[in-house]
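Below you'll find the structure, written out as structure tokens, and then a few comments.
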Amino acid sequence: MHKLYITDLDHTFLHSSQRVSNFSKKIWNEKVEHALLSVATARSFSKTHEFLKGLTLKVPLILLDGAMVATSDKKLIDIQTLSAKLSSAIIQESHAFNIQPFVISLNSHKSLEETFAIPPLLNNFQSFLIENNYATDNRLAFKKKIEGAKDTLKIVYMGEKELLHPLAEHLKKVFGKEIEVKLAPENYMKCYFLTILHPLGDKAHALNIVHEYLNYSLKDTTVFGDSLNDIGMFKLAGTAVAVSNALDEVKKVADIVLEQSNDEDAVANYFKANINTN
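Start counting the sequence shown at 799; every next residue gets the next number (our numbering).
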């Protein structure tokens, strides 16, 4: 039986330029006939497909921090969303902190088309992100009032830790087990992201879904990552591998810490050395 390998994208498989290197593409497409290869990412279906263009994708993708599991041909396997009522209540609670979030929601369970709702008031981090990374993205919807949607996949705040940590603690206190709250540094932007998800919308839950779908065991799975949202699947998988640029908290729970970073094609080099093509 082929082993299963699942890698995070940003700061793990992608270079810091937010691209898959030609070397990583070559190794992936060579090894995909001898192992099951996939990704577990905070990115959406459309953005993931954009990044992975030219790669053979045979295994379900873990998307949006685990809120969605889908095949590359848009077969939806699992989805965990927040209701419009709950997500609007979350946004309302954040008004006292003088910050407004992005809201990513699903428009269609068939096409997997998403809306990326933009609030009327943006801080400097949000403005920079939109102008430099999403200026031509047709998912963008600029709102006069930001509120929850029917199938809210995640709510994302950007800012300094000093602002977002109190907000995270407040939301945990108000909503408890109704939501999953993730606060983590984002090295691209040199700020923090506060992400609000369904309580089952995490990579660990999604990894279990993939295992059930493929009828695979945890011991036959190797996962790769760098950030706090990877820790749950690190604790589940048979082998957890951190890239050299991973956060210290991630390295502490990894079985293996690679000497190479994402910009040195750490994951592809691991594939090259460990996936037997004979």
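Even glycine gets a Cβ: it sits at the ideal position worked out from N, Cα and C.
{"Query": "Which partner residues does Val837 have in the DSSP bridge list?", "Result": "Thr805"}
{"Query": "Ends of the beta strand (DSSP E) at Ile790?", "Result": "In the structure as shown, the chain begins at 799 and stops at 1076. Residue 790 is therefore absent and cannot be evaluated."}
{"Query": "According to DSSP, what are the bridge partners of Pro983?", "Result": "Tyr990"}
{"Query": "Should Gln890 go down as buried or exposed, given a rule of 16 or more other Cβ atoms within 10 Å for buried?", "Result": "exposed"}
{"Query": "Would you kindly report the start and end of the unbroken alpha helix (DSSP H) that includes Thr846?", "Result": "Phe843 to Phe849"}
{"Query": "Please tell me whether Phe843 and Leu855 are closer than 8 Å, where the distance is taken between their beta carbons.", "Result": "no"}
{"Query": "Just to confirm before moving on: does the CB-CB distance between Ile1073 and Ala833 stay below 8 Å?", "Result": "yes"}
{"Query": "For Ile875, tell me which candidate among Lys851, Val1039 and Glu1010 has the shortest Cα-Cα distance.", "Result": "Glu1010"}
{"Query": "Could you have a look at Val1048 and say whether DSSP puts it in helix, strand or coil?", "Result": "helix"}
{"Query": "For Glu1057, which of helix, strand or coil comes out of DSSP?", "Result": "coil"}
{"Query": "Quick one: any contact between the stretch 896 to 907 and the stretch 915 to 922, if contact means 3 or more CB pairs under 8 Å?", "Result": "yes"}
{"Query": "Measuring CA to CA, which of Ser814, Pro858 and Leu850 is closest to Tyr1014?", "Result": "Pro858"}
{"Query": "Applying the 10 Å Cβ sphere with the 16-neighbour rule, what's the burial state of Ser886?", "Result": "buried"}
{"Query": "Is there contact between the stretch 995 to 1012 and the stretch 1023 to 1039, where contact requires at least three CB pairs shorter than 8 Å?", "Result": "yes"}
{"Query": "Please state whether the Cβ-Cβ distance between Lys952 and Thr993 is less than 8 Å.", "Result": "yes"}
{"Query": "Could you pull out every unbroken alpha helix (DSSP H) segment of at least 4 residues lying fully inside the stretch 946 to 979, listed in chain order?", "Result": "959 to 973"}
{"Query": "Can you give the Cα-Cα distance for Thr913 and Gly864, rounded to whole angstroms?", "Result": "18 Å"}
{"Query": "Is it the case that the Cβ atoms of Tyr1068 and Val1048 are separated by a distance below 8 Å?", "Result": "no"}
{"Query": "How would you call Arg817, buried or exposed, if buried means at least 16 neighbouring beta carbons within 10 angstroms?", "Result": "exposed"}
{"Query": "Quick test of your reading: Ser903 and Ala868, contact by CB under 8 Å. State the CB separation rounded to the nearest angstrom.", "Result": "Incorrect: roughly 15 Å between the Cβ atoms, too far for contact."}
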